[in-house]
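Asker: Counting from 1, one number per residue, gives the positions in the sequence shown under UniProt numbering.
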Amino acid sequence: MLADCAVGAYRNVKIGYALRESMHMLIRHATMEDLDAIEAVEAACFPPAEAASNESLTARVAAYPDHFWLLVNTDDDDTPFPSRVEDGTLVGFVDGMATNEPNLADAMYDDADMHDEHGDWQMIFGVDVAPVYQHRGCASYLLRQVILDTAQAGRKGLVLTCKERLVDFYARLGFVDEGLSESTHGNVVWHQMRLALTHAVGTGNPTANGSAKTAERTNDADTTAMSGVDHDTETLEFPQVEPTA
């Protein structure tokens, strides 16, 4: 269900092309203290029938906080959207569980217990960007980090559902349209899209012996999946996302 981080540490970035010169951003994972801001952005991005409830978002953050990627504007003088977090304003976020199930099912949205930290597939439940920040490359930038982190975790790839008008957008990031999804979430017709990481072998965090394979997976994800983003004028001047060491 999609609208139009560094592991274990903040990533400081500076975005000057599409937003405003000197605006500072960071990507981080979620905490329970972020819930009000997350809910505010979710409500602004989706109609009530499609938006995740407070109960659902609370359960997700409690069960898999490291599977939320938050883009935060740390500029205290620039707060155009009322989604404050401790370190600034929440610009947007990506979230979703990991699972061995290859297809995204409606039950996953509200049942956080279905999360499997060692799952083969990273599901994407939402790509939310506050309206005032939309169409400025923020979603692409966030997804780039999610893709790289998923590759480093050794997963097979990522799965999302989206409306037909967004199929081309996600195709530019390497996702392949698999046709209509079985999901009827919000009584809407969804397309299921998948980004397969071709070098993903095994699950869970890579071992020292797998460092070469980890680098290969990461480079493959960065080169293949993100080539469209690198040549998009919306993200042309965004800083390079670096894989986690």
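Note that the Cβ used here is the ideal one computed from N, Cα and C, for glycine as well. From a predicted model like this one, the values you see are computed outputs, not experimental measurements.
1) Which same chain residues end up closer than 6 Å to P65 when comparing Cβ atoms and leaving out the 5 residues on each side of it in sequence?
2) Considering D75, what are the terminal residues of the alpha helix (DSSP H) in which it resides?
3) Which class does Q192 belong to by DSSP, given the choice of helix, strand or coil?
4) Taking the Cβ atom as the reference point for each residue, do G96 and H67 lie within a distance shorter than 8 Å?
5) Suppose you measure from the CA of A208 to the CA of P82; what does that come to, to the nearest Å?
6) Sorted by chain position, which residues of the same chain lie with C-beta nearer than 6 Å to M193's C-beta, five sequence neighbours on each side aside?
7) Tell me the start and end of each unbroken alpha helix (DSSP H) in the stretch 26-53 that is at least 4 residues and wholly inside, in chain order.
8) Run the CB neighbour count on S140, radius 10 Å, all protein chains shown included, and call it buried at 16 or more, exposed below.
9) Among L180, G154, E33 and H135, which residue has its Cα nearest to the Cα of A98?
10) Write down every uninterrupted run of the alpha helix (DSSP H) in the stretch 83-163 whose length is 4 residues or greater and which is fully enclosed by it, in chain order.
11) Distance, Cα to Cα, P131 vs L173?
12) Helix, strand or coil for G174, going by three-state DSSP, please let me know.
13) Which residue wins for smallest C-alpha separation from L90, given the options K163, L26 and A112?
14) Would you list the one or two residues that DSSP bridges to F68?
15) Taking 8 Å as the cut-off, decide whether the C-beta atoms of C162 and H185 are in contact.
16) Please return the same chain residues whose Cβ sits closer than 8 Å to the Cβ of V85, not counting the five positions on each side in sequence.
17) Please report how far the alpha carbon of G137 lies from the alpha carbon of L166, in whole angstroms.
18) For L180, which residues of its own chain have a beta-carbon under 8 Å away from its beta-carbon, when the five flanking residues on both sides are left out?
19) Does the Cβ of E42 have 16 or more other Cβ atoms within 10 Å, making it buried, or fewer, making it exposed?
20) Going by DSSP, name the residue or residues bridged to L180.
21) Using the Cβ count rule (16 or more neighbours within 10 Å means buried), how would you classify A151?
22) On the three-state DSSP scale, how would you describe T58?
23) Starting from the Cα of H24, find the closest Cα among A51, G88 and A62 and give me that residue.
24) Do S183 and D106 have their C-beta atoms within less than 8 Å of each other?
Answerer: With the given structure in hand:
1) H29 and A30
2) No alpha helix (DSSP H) holds D75; DSSP gives it neither H nor E.
3) strand
4) yes
5) With a pLDDT of 39 at A208, under the threshold of 50, the modelled position of this residue cannot be trusted, and the question is left open.
6) L160, Y170, F175 and D177
7) 35-45
8) buried
9) G154
10) 107-110 and 138-152
11) 21 Å
12) coil
13) L26
14) D95
15) no
16) E33, D34, A37, L70 and V72
17) 14 Å
18) V189, W190, H191 and Q192
19) buried
20) H191
21) buried
22) helix
23) G88
24) yes
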